[in-house]
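Asks: I'd like to ask you about the structure that follows.
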């Protein structure tokens, strides 16, 4: 799932460990969020930690929430955002300690790592059930999931309203046998919840995947211009209607539960159990509705993710 991803190719895994070359560094861009105050009050008291995540707006927002909360709790935080899960998972756990994740995304990533690209995906529609189903994979990888949020954001695929009307397309099944160009995330091709599922489960002839980003302006414009017929976004995207775009119903339900959840290095968590006390209240406060509203503030109002994050954390009493 579900922070717009850049157009650059997926970064090499080794780049994540290099200073400043793995993507946006929120720790250097969120001075207005109180980071300077926490530094002056002894933010290094509890040591350092590294957050990694994906660089599309919603993930950037949630990563900023993690960063602000953990800095307020006394940690020195280095945040690195990259194009796709493939780029940070080789160093998590290890160089990376904390990742804002989606249950289905991380469980099925570990599933394909352990069992191959054609492994049967975990498909539970309930986030906790999906986490329970993937527990052995998580344990083997040295990863612990904290509390699962009721907020959920699954992949979704959209067309223009004109295309929907002209072709009589309202569900993904309506595209069976049709040839389409897909504008999507860099890691979409072959994924069972993206191009792989569209091709194999829905019988859609995806002739090409344009790696223009997940819910990015480039992806929107590609579909609007007719360069692509189908684009990838999320179910919490509040910008589509204003652009003349419409989500097609996932009528075969190929998307697993994608509740937001903090993924933590098990070793790091055993040494710093208070991290759970810092992040679990955030998971309880997030809902699909307020997540969609915050996404709208960034996309429509052009608000900065760190500002939206700080406003939400303060309003919920999570940040002083």
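Numbering (mature numbering (1 follows the signal peptide of the UniProt record, and there is no 0)), first residue to last: -22 to -1, 1 to 298. Where is the CB? At the ideal position from N, CA and C, for every residue including glycine. Quick caveat, the model's predicted, so the values are computed rather than measured.
State the DSSP-derived secondary structure class of residue 100, mapped to helix, strand or coil.
Replies: Reduced to three states, the DSSP call for residue 100 is coil.
Asks: In the structure shown, what three-state DSSP assignment does residue 65 receive?
Replies: Reduced to three states, the DSSP call for residue 65 is helix.
Asks: For residue 197, which of helix, strand or coil comes out of DSSP?
Replies: Note: residue 197 maps to helix in three-state DSSP.
Asks: Tell me whether residue 239 is buried or exposed, calling it buried when 16 or more other Cβ atoms sit within 10 Å of its Cβ.
Replies: Label assigned to residue 239: buried.
Asks: Can you tell me which of the three DSSP states residue 70 falls into?
Replies: Note: residue 70 maps to coil in three-state DSSP.
Asks: Less than 8 Å between the C-beta atoms of residue 111 and residue 97, yes or no?
Replies: For residue 111 and residue 97, no; Cβs fall outside 8 Å.
Asks: Give, in chain order, every unbroken run of the beta strand (DSSP E) that is at least 3 residues long and sits entirely within the stretch 79 to 160.
Replies: Listed in chain order, they are 121 to 123 and 133 to 138.
Asks: One question on the structure: do residue 277 and residue 210 come within less than 8 Å of each other, judged by their Cβ atoms?
Replies: Their beta carbons are not under 8 Å apart, which means residue 277 does not touch residue 210 by this criterion.
Asks: Could you check which residue in 77, 94 and 291 has the C-alpha nearest to that of residue 28?
Replies: Minimum Cα distance to residue 28 is reached at 77.
Asks: Use the C-beta contact count for residue 11: other C-beta atoms within 10 angstroms, 16 or more gives buried, fewer gives exposed.
Replies: Here residue 11 scores only 41 on pLDDT, less than 50, and its place in the model is too uncertain to base an answer on.
Asks: For the stretch 116 to 136 against the stretch 255 to 270, do three or more pairs of beta-carbon atoms, one drawn from each stretch, fall closer than 8 Å, so that the two count as touching?
Replies: The stretch 116 to 136 vs the stretch 255 to 270: in contact.
Asks: If I measure Cβ to Cβ from residue 183 and keep anything under 6 Å in the same chain, skipping five residues before and after, which residues do I get?
Replies: Cβ neighbours of residue 183 beyond the five flanking positions: 157.
Asks: Taking the beta strand (DSSP E) that residue 57 falls in, what are its first and last residues?
Replies: Run containing residue 57: 54 to 60, per the beta strand (DSSP E) assignment.
Asks: Taking C-beta to C-beta, are residue 132 and residue 227 nearer than 8 Å?
Replies: No. Outside cutoff.
Asks: Below 8 Å, how does it come out for the stretch 59 to 66 and the stretch 30 to 42: are there three or more Cβ pairs, yes or no?
Replies: With a cut-off of 8 Å, the stretch 30 to 42 and the stretch 59 to 66 count as touching, because enough Cβ pairs lie within range.
Asks: Classify residue 246: buried if its beta carbon has 16 or more other beta carbons within 10 angstroms, exposed otherwise.
Replies: Buried is the call here.
Asks: Is it the case that the Cβ atoms of residue 142 and residue 230 are separated by a distance below 8 Å?
Replies: No. Outside cutoff.
Asks: If you reduce the DSSP assignment to three classes, tell me which class residue 239 lands in.
Replies: Three-state result, residue 239: strand.
Asks: Considering just the uninterrupted stretch of the alpha helix (DSSP H) at residue 51, what are its terminal residues?
Replies: Where residue 51 is concerned, there is no enclosing alpha helix (DSSP H), given that its DSSP letter is neither H nor E.
Asks: What does the Cβ neighbour count give for residue 280, buried or exposed, with the cut at 16 atoms within 10 Å?
Replies: Classification of residue 280: exposed, given that the 10 Å Cβ count is below 16.
Asks: Please classify residue 178 as buried or exposed, where buried requires at least 16 other C-beta atoms within 10 Å of its C-beta.
Replies: Exposed, by the Cβ-count rule.
Asks: Give the straight-line distance between the Cα atoms of residue 113 and residue 107, rounded to the nearest whole angstrom.
Replies: Distance between the alpha carbons of residue 113 and residue 107 is about 10 Å.
Asks: Checking 8 Å against the spacing of the C-beta atoms, do residue 235 and residue 117 come in under that value?
Replies: Not in contact: residue 235 and residue 117 (Cβ atoms no closer than 8 Å).
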